[in-house]
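*Asks:* Below: one structure in C-alpha cells.
Number of protein chains: 4
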Amino acid sequence: MTYLVTTLLKLSCPDRVGVLSRLSSFVAGHGGNLSEVNQFTDTSTNWFFVRMAIQSETLRLPFNEFRKAFEPLAKQLNAAWTLRPAATQMKVVVMVSKLGHCLADLLWRWRSGELVCDIVLVVSNHDELRETAKRDGVDFRCIPVESHNHKEAFASMHDLFREIKPDLIVLARYMRILPEYICAEFSGRLINIHHSFLPSFVGANAYARAYERGVKLIGATCHYATAELDAGPIIDQEVIRVEHFHTPEDLVRLGRDCERLALARSVRWHLADRVLVHGNRAIVFRD
Amino acid sequence: MTYLVTTLLKLSCPDRVGVLSRLSSFVAGHGGNLSEVNQFTDTSTNWFFVRMAIQSETLRLPFNEFRKAFEPLAKQLNAAWTLRPAATQMKVVVMVSKLGHCLADLLWRWRSGELVCDIVLVVSNHDELRETAKRDGVDFRCIPVESHNHKEAFASMHDLFREIKPDLIVLARYMRILPEYICAEFSGRLINIHHSFLPSFVGANAYARAYERGVKLIGATCHYATAELDAGPIIDQEVIRVEHFHTPEDLVRLGRDCERLALARSVRWHLADRVLVHGNRAIVFRD
Amino acid sequence: MTYLVTTLLKLSCPDRVGVLSRLSSFVAGHGGNLSEVNQFTDTSTNWFFVRMAIQSETLRLPFNEFRKAFEPLAKQLNAAWTLRPAATQMKVVVMVSKLGHCLADLLWRWRSGELVCDIVLVVSNHDELRETAKRDGVDFRCIPVESHNHKEAFASMHDLFREIKPDLIVLARYMRILPEYICAEFSGRLINIHHSFLPSFVGANAYARAYERGVKLIGATCHYATAELDAGPIIDQEVIRVEHFHTPEDLVRLGRDCERLALARSVRWHLADRVLVHGNRAIVFRD
Amino acid sequence: MTYLVTTLLKLSCPDRVGVLSRLSSFVAGHGGNLSEVNQFTDTSTNWFFVRMAIQSETLRLPFNEFRKAFEPLAKQLNAAWTLRPAATQMKVVVMVSKLGHCLADLLWRWRSGELVCDIVLVVSNHDELRETAKRDGVDFRCIPVESHNHKEAFASMHDLFREIKPDLIVLARYMRILPEYICAEFSGRLINIHHSFLPSFVGANAYARAYERGVKLIGATCHYATAELDAGPIIDQEVIRVEHFHTPEDLVRLGRDCERLALARSVRWHLADRVLVHGNRAIVFRD
Numbered sequence: 573m574t575y576l577v578t579t580l581l582k583l584s585c586p587d588r589v590g591v592l593s594r595l596s597s598f599v600a601g602h603g604g605n606l607s608e609v610n611q612f613t614d615t616s617t618n619w620f621f622v623r624m625a626i627q628s629e630t631l632r633l634p635f636n637e638f639r640k641a642f643e644p645l646a647k648q649l650n651a652a653w654t655l656r657p658a659a660t661q662m663k664v665v666v667m668v669s670k671l672g673h674c675l676a677d678l679l680w681r682w683r684s685g686e687l688v689c690d691i692v693l694v695v696s697n698h699d700e701l702r703e704t705a706k707r708d709g710v711d712f713r714c715i716p717v718e719s720h721n722h723k724e725a726f727a728s729m730h731d732l733f734r735e736i737k738p739d740l741i742v743l744a745r746y747m748r749i750l751p752e753y754i755c756a757e758f759s760g761r762l763i764n765i766h767h768s769f770l771p772s773f774v775g776a777n778a779y780a781r782a783y784e785r786g787v788k789l790i791g792a793t794c795h796y797a798t799a800e801l802d803a804g805p806i807i808d809q810e811v812i813r814v815e816h817f818h819t820p821e822d823l824v825r826l827g828r829d830c831e832r833l834a835l836a837r838s839v840r841w842h843l844a845d846r847v848l849v850h851g852n853r854a855i856v857f858r859d
Numbered sequence: 573m574t575y576l577v578t579t580l581l582k583l584s585c586p587d588r589v590g591v592l593s594r595l596s597s598f599v600a601g602h603g604g605n606l607s608e609v610n611q612f613t614d615t616s617t618n619w620f621f622v623r624m625a626i627q628s629e630t631l632r633l634p635f636n637e638f639r640k641a642f643e644p645l646a647k648q649l650n651a652a653w654t655l656r657p658a659a660t661q662m663k664v665v666v667m668v669s670k671l672g673h674c675l676a677d678l679l680w681r682w683r684s685g686e687l688v689c690d691i692v693l694v695v696s697n698h699d700e701l702r703e704t705a706k707r708d709g710v711d712f713r714c715i716p717v718e719s720h721n722h723k724e725a726f727a728s729m730h731d732l733f734r735e736i737k738p739d740l741i742v743l744a745r746y747m748r749i750l751p752e753y754i755c756a757e758f759s760g761r762l763i764n765i766h767h768s769f770l771p772s773f774v775g776a777n778a779y780a781r782a783y784e785r786g787v788k789l790i791g792a793t794c795h796y797a798t799a800e801l802d803a804g805p806i807i808d809q810e811v812i813r814v815e816h817f818h819t820p821e822d823l824v825r826l827g828r829d830c831e832r833l834a835l836a837r838s839v840r841w842h843l844a845d846r847v848l849v850h851g852n853r854a855i856v857f858r859d
Numbered sequence: 573m574t575y576l577v578t579t580l581l582k583l584s585c586p587d588r589v590g591v592l593s594r595l596s597s598f599v600a601g602h603g604g605n606l607s608e609v610n611q612f613t614d615t616s617t618n619w620f621f622v623r624m625a626i627q628s629e630t631l632r633l634p635f636n637e638f639r640k641a642f643e644p645l646a647k648q649l650n651a652a653w654t655l656r657p658a659a660t661q662m663k664v665v666v667m668v669s670k671l672g673h674c675l676a677d678l679l680w681r682w683r684s685g686e687l688v689c690d691i692v693l694v695v696s697n698h699d700e701l702r703e704t705a706k707r708d709g710v711d712f713r714c715i716p717v718e719s720h721n722h723k724e725a726f727a728s729m730h731d732l733f734r735e736i737k738p739d740l741i742v743l744a745r746y747m748r749i750l751p752e753y754i755c756a757e758f759s760g761r762l763i764n765i766h767h768s769f770l771p772s773f774v775g776a777n778a779y780a781r782a783y784e785r786g787v788k789l790i791g792a793t794c795h796y797a798t799a800e801l802d803a804g805p806i807i808d809q810e811v812i813r814v815e816h817f818h819t820p821e822d823l824v825r826l827g828r829d830c831e832r833l834a835l836a837r838s839v840r841w842h843l844a845d846r847v848l849v850h851g852n853r854a855i856v857f858r859d
Numbered sequence: 573m574t575y576l577v578t579t580l581l582k583l584s585c586p587d588r589v590g591v592l593s594r595l596s597s598f599v600a601g602h603g604g605n606l607s608e609v610n611q612f613t614d615t616s617t618n619w620f621f622v623r624m625a626i627q628s629e630t631l632r633l634p635f636n637e638f639r640k641a642f643e644p645l646a647k648q649l650n651a652a653w654t655l656r657p658a659a660t661q662m663k664v665v666v667m668v669s670k671l672g673h674c675l676a677d678l679l680w681r682w683r684s685g686e687l688v689c690d691i692v693l694v695v696s697n698h699d700e701l702r703e704t705a706k707r708d709g710v711d712f713r714c715i716p717v718e719s720h721n722h723k724e725a726f727a728s729m730h731d732l733f734r735e736i737k738p739d740l741i742v743l744a745r746y747m748r749i750l751p752e753y754i755c756a757e758f759s760g761r762l763i764n765i766h767h768s769f770l771p772s773f774v775g776a777n778a779y780a781r782a783y784e785r786g787v788k789l790i791g792a793t794c795h796y797a798t799a800e801l802d803a804g805p806i807i808d809q810e811v812i813r814v815e816h817f818h819t820p821e822d823l824v825r826l827g828r829d830c831e832r833l834a835l836a837r838s839v840r841w842h843l844a845d846r847v848l849v850h851g852n853r854a855i856v857f858r859d
C-alpha cells in the first residue's frame, strides 16, 4: 500500500520513559497518520530506535515546516535522526572490478523498479564492465588502481565522490581495499558485499578457503564498510548448502546467488531508511 | 533482558490518526517504560495491531487499577485487547494420539524453561503416550474416540475443558477431528500442527501424498484450529528439502523435525501474547 | 574439474542383479574412466537410474563407434537412454509474456557461462520483452495468442518448434496454457516455472491467493510441463519466509527471486542430463 | 524399503579406470543386488569413494566368506574399507557436561528408532544429567575433570573407552577439551557438536561472540574431533536467521535447535556408514 505522500523518520536516541509517546504524539499532533512503525529498544545499552512512515496528506504543515517543528524535540531526545519525503531518491555510485554478477543484478532490479534510487555512476579499476553499465544508460568511469599509482587513484576517486555527494556507495565485488580516509568520510554510506558468511573467511579467496575447510554451507555477507577489513556492521547474510561433490568452481557459482540476494536486499533497505547503525550492530527493519 | 515486573498489552482496533500516540502516552502517563513495542498497521483493511511490553516497576498504579484505567481508552478505540502481568502462566492442555515426537519435544522445552506455562494435562484417544506424560509429572487422561461413542467422548472432553479452562489446547498430532462446537468455543486457544506446508496436502496421509506428487520440499504448518479442516490462521511453517532418494518413511522422519520446530515456536509465541488473529491471518511478533 | 572430452550417459531401466556392474564394465572395458557416477535404485518400483560422466581421452573407440557398441547392452537392459558428448550444446527456446525477470536472469547466466547451451529464440505472446532478448543477441518472435486466433497461433508456434527442433523449451513466466498436442510432442523437453510451491496454488494469481491464505512461506516450483496444469514432474522448488507485514506486492517481489533460482538450477540440470523422469517423479542428480 | 539382510560396504581408494566396475562385478558375481550405491570421485586428488548397500538374500556365500573373498580385491585397490551386516548396531558412548538438550534429543531419537545403535553409557564431568540418562535406561558415569586431577581423570576415561571399545563417542556439548592421545586413538569415531557455523567462533562463548559481531545468522557444526580445537572434518552444519532484537539468550535458545539437528543427522549418517573422511574433508552420502 503506497501513499501519495509519505515522510520517513529514522531516529535513535537514549531510551527513557515516554520517547515513543512523544514522537507519535508529535506526528499525530500535526495530523499525520503512521502507516508503518518499526521500533526497537536495546535494553542492554538502553538505546531507542525507530522508523516511522508518516502518511502525510493530512499533515497540517508543509514538509519543511514540519521538519523545522521537529528539531526541538529531536534535540531534547539527544537523537540522531533523518526526516525526508519517501519520494526523494538516493544518489548511488556502484563500484566494481571484473565480476559483473552483482552489478548486473543491481541494474536489473533498478530498471524494474525494485530498487528506487538514482544510480549515477559505475566506477571500476578495470574496463571489463563498461558495456554492462552503458547498456543500462549508466555512466562508467575507469580508475585503474596499481601499486605505483594507488594514492593518486584513490585521491581522484575521493574528489569524484565529493563532487557527486552520493547517498550510497555500493562495493559490488570491488576488489581493492579503500583507504581509511574514504571509509571514514563516507561511513554509513558505504556498503560492501563479502563472499563468505562473516566472520568466517575474512579477506581474499573466501571460496577457495571454504573448500579447503570442507564447510557444508557457503554464503555471503553484506555490511557497511569500515576501515577494518570485513568488520563493519552486518546488514544481511545469505547461505546455501554445499556438499562434498561441489568443486571450488561450484562454490563460486553457488555463492554468486548468495551475494546477489544479500546485496540487493541490503541496498533496498538502506534506500528506504530501514537500517540504523549502533556501534557495530545494524538494526534492520526488513520489508 | 528481563524485568522483575512486566505487563503485556495485546491490542487490535480500527486504525485512525493518533492510536499509537494515545496508547504510548497512556503508558508513559502512568510512569511505565516500554521495553518492547511491536506494531503493525494493515493498510488494506485499515486495522491497527500492537503488542507492548511495559516495564512496570515505575508504574504509579498497581496492576488492577492500571487495567481499570485503561478500559475507557480501549473502549474509545473499539479495541480487542488483553492486559496481563507477563509472569502469569497460561494453563495448557496437550492432546495426542500415538505419535509422541511433538509431545516429547514440548515437554522437554517446558521442563527446560523454554516454554513458560503450566501444562496441566495430556489428553489422548489412545494409551500409548501415558508414560511419556507421566515421567514428566503431567496428568494423562485417555478418552477413546470410536465411531460408536464419539458423541459421548467429545462431550466428556468438552466437560473436561470447561472444568480446566485452559488458555491453550495444543493438538500435538491428535488424529481426530474435533467437533465444531469445541472449535468454536475454544477459538483462538486451539493450536494444531499439520504435517504439510499448507495449503498443500490438507487432511490425512500428507507425507504419502507429498511422496506421490514428487515434491522437493516437505514441511509442517502450525495454525489455529477452526471448524474447517486445516484452514485456520497460520502461525508458522517450516520446510526441509527432500530428494528423489527419500522414501515415504524418510519424509515422515524428516517431517518430524519440521513439525516439532513449527509447533514449539508457535506455542511459545502464543504463550507470550505474540500472536494476534485478524480474519484468517495471524500477525506474529516473533522473538 | 572438466576434461577435454567427456561423454554423458543417462539411462534408466528395470533393476536386476548386475546392472551397474555391466554398465561400468562396459565403460572400463573400452578404456573409459568414470569421473562422476550418480546412481539411484527406486526399490518401490524396482527401477534403476544412472548418469555417468565418462572421461573419454582414453576411450579406445571414437564416439560414434562407442555409441554403437553400447546399443546391444542397452537393448538387453530394456533401457531408456541417451549418450552424447558433454560438449554438445542443447538448442533452447525461451517463452515469455510480459514479466522479464526470469528471462533476464537466464540470459545473464547464459552469457556468463553458467548455462551452457544455445539459446536460439525468445517467443512471446507480447512485444514487451523484445529489447531484453535483442540486447543479448537473441532472436525474438512475437506470436500473439488471443481468444479469436489461439488455434492458429499455437499451430504456427508448433510449426516453429518443429522447424527449430529445440532440445528444451523454457516457459519463463509464459502466461498462456499450451495445447495438449504441443505438451505431448515436446514432453520431457518443456520446463515451466510456476510461482508457488506446488501443489499449493495451482493456476493463476498464486501470490494473491498465498496472501489471502496467510501463509508464512512462499515459493516457486520448476517442473516439466504436461497436459495437466502445473502437475508435471517437479525438478526443483525454492521458498522464502514471509511475514504478516508483507503485502501481496511484496510477495510478488520476494517470489521473483525464488522463481529465478528454481528455474536457473532446473535448466542447468536439464542441460547437463542430470534429470531423469520416471512416471510423475524427477530423479535429479544435482551439481 | 528395508531388506531382511543388507550388507554395507564403505570403501575409498586411489581412483583408476575400472574401480567401480570391479567392485560392482564382485558383488554381482556373488549374486548380490545393489539396492543403494553412492559414489564420488574427487578428481582434484584422484580419489574414489563408494558406499554400497548390498541386498544379501541372494548372496551365494555367508557373510564371513563373502568378506574373506573381498579381501584380495580390496588389497589390489589399496583401499580403506569396512564391510558389515547393516543389522550390526554400533556401540555408542555419549559425553555431556551440564547442557542436556543434545543428550535428550539423541535419547529420544534412539528410543523412537530413528537412531539405530546401542547407547551403552553417558559420561559426564558433572552430575546434572544423571537422571536424563537413567530414565531412558542408560548407564551414567561421572568423571569430574578439575585442573588438579585432569590427567588422572582423562586416564580413567581412556581406560573406560578401551574397555568399552565404542564405535562412536559423541561429544554432545561436552565442555572439556580431550587430550590429544584420546583424539588420536579414537580418530574417526569421535563426533563433536560445536555451537557455531565453523570456522566462525572457534572455541568458547560462541553465541556471545556471535551477538557481539552482530551476525544475522547463527548455527551449529558437527564434525569429527581432532587434536586441533574445532578443526576436524565437518559432517553437517545448520543455521537459523537472527535479527537485531535477539538477545544473547535468544541466540542460545535458537542455537539449541541447530545443534540438535546437525548432531542428530551426523550421528545417524555415521551409524549407517554414510560418512567417509579424506584428509580434512568428509564425504557424506546423506539419507
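Chains as they are written, first to last, in my numbering: chain A, 573 to 859; chain B, 573 to 859; chain C, 573 to 859; chain D, 573 to 859. Even glycine gets a Cβ: it sits at the ideal position worked out from N, Cα and C. Because the structure is a prediction, the values reported are computed rather than measured.
Starting from the Cα of Y746/D, find the closest Cα among W682/D, V666/D, L843/D and give me that residue.
*Replies:* For Y746/D, the nearest C-alpha among the options comes from V666/D.
*Asks:* Would you mind working out which of A641/C, Q627/C, I749/C sits nearest A803/C, comparing C-alpha positions?
*Replies:* The shortest Cα separation from A803/C among A641/C, Q627/C, I749/C belongs to I749/C.
*Asks:* From this set, S584/B, D699/B, L826/B, which residue's C-alpha is nearest I715/B's C-alpha?
*Replies:* Of the listed residues, the one whose Cα sits closest to I715/B is D699/B.
*Asks:* Find the residues of chain B that neighbour P771/C, judging by a C-beta separation of less than 7 Å, and give them in chain order.
*Replies:* Residues of chain B passing the Cβ test: S772, R785.
*Asks:* To the nearest angstrom, how far is the alpha carbon of G609/D from that of L645/C?
*Replies:* Correcting the residue identity first, residue 609/D is Val in this sequence and not Gly. Computed Cα separation, rounded: 21 Å.
*Asks:* Give a yes or no on whether 8 Å exceeds the smallest Cβ distance from D859/C to chain A.
*Replies:* Yes, D859/C lies at the interface with chain A (some Cβ there is under 8 Å from its Cβ).
*Asks:* For S557/B and chain D, any beta-carbon pair shorter than 8 Å?
*Replies:* For residue 557/B there is no data in the structure shown, the boundaries of chain B being 573 and 859.
*Asks:* Check the Cβ-Cβ distances between L835/B and every residue of chain D, and say whether any is below 8 Å.
*Replies:* Closer than 8 Å: no.
*Asks:* Within 8 Å, do at least three Cβ pairs link the stretch 811–828 of chain C to the stretch 782–791 of chain C?
*Replies:* Short answer: they touch.
*Asks:* Just mark Q661/C as buried or exposed, buried being the case when its beta carbon has 16 or more other beta carbons within 10 Å.
*Replies:* Answer is exposed; the Cβ neighbour count stays below 16.
*Asks:* Taking C-beta to C-beta, are R761/D and R623/D nearer than 8 Å?
*Replies:* No, the pair does not count as a contact, with Cβ atoms beyond the cut-off.
*Asks:* Compute the distance between the beta-carbons of V591/A and L843/A, then report whether it is under 8 Å.
*Replies:* No.
*Asks:* Would the beta-carbon of P716/A be found less than 7 Å away from any heavy atom of the ligand MG?
*Replies:* Questions concerning the ligand MG fall outside what the structure shown contains, since it holds no ligand whatsoever.
*Asks:* When the cut-off is 8 Å and only beta carbons count, does G699/C lie next to chain A?
*Replies:* Reading off the sequence shown, one finds Asp at residue 699/C, where the question assumed Gly. No, D699/C does not count as interfacial toward chain A.
*Asks:* Is any beta-carbon of chain A found at less than 8 Å from that of N852/D?
*Replies:* Judged by the 8 Å Cβ criterion, N852/D is in contact with chain A.
*Asks:* Starting from the Cα of A792/A, find the closest Cα among F733/A, A744/A, E752/A and give me that residue.
*Replies:* For A792/A, the nearest C-alpha among the options comes from A744/A.
*Asks:* Do the stretch 675–685 of chain B and the stretch 703–713 of chain B make contact, defined as three or more Cβ pairs closer than 8 Å?
*Replies:* Contact holds: three or more Cβ-Cβ distances are below 8 Å.
*Asks:* Tell me the DSSP bridge mates of A652/D?
*Replies:* Answer is S584/D, bridged to A652/D.
*Asks:* Distance check for L595/A and N636/A, CA to CA, integer angstroms please.
*Replies:* Cα to Cα, N636/A sits roughly 17 Å from L595/A.
*Asks:* Could you pull the DSSP bridge partners for R713/B from this structure?
*Replies:* V695/B.
*Asks:* Taking C-alpha atoms, which residue in G685/A, I807/A, P738/A lies nearest to F769/A?
*Replies:* Checking every option, the nearest Cα to that of F769/A belongs to I807/A.
*Asks:* When DSSP builds the beta bridges, which residues end up paired with T613/B?
*Replies:* The partner list for T613/B (beta bridge, DSSP) reads F620/B.
*Asks:* Once DSSP output is grouped into helix, strand and coil, what is the label at M747/A?
*Replies:* The answer is coil: DSSP assigns M747/A none of H, G, I, E or B.
*Asks:* Beta carbons nearer than 9 Å to chain C: which residues of the stretch 800–821 of chain B have them?
*Replies:* Flagged, chain order: A803, P805, I806, I807, D808, Q809, E810, V811, R813, E815, H816, F817, T819, P820.
*Asks:* Select from the stretch 575–601 of chain A all residues with a C-beta closer than 9 Å to any C-beta belonging to chain B, and list them in chain order.
*Replies:* Those would be Y575, D587, R588, V589, G590, V591, L592, S593, R594, L595, S596, S597, F598, V599, A600, G601, in chain order.
*Asks:* Which of helix, strand or coil does DSSP assign to H766/A?
*Replies:* Note: H766/A maps to strand in three-state DSSP.
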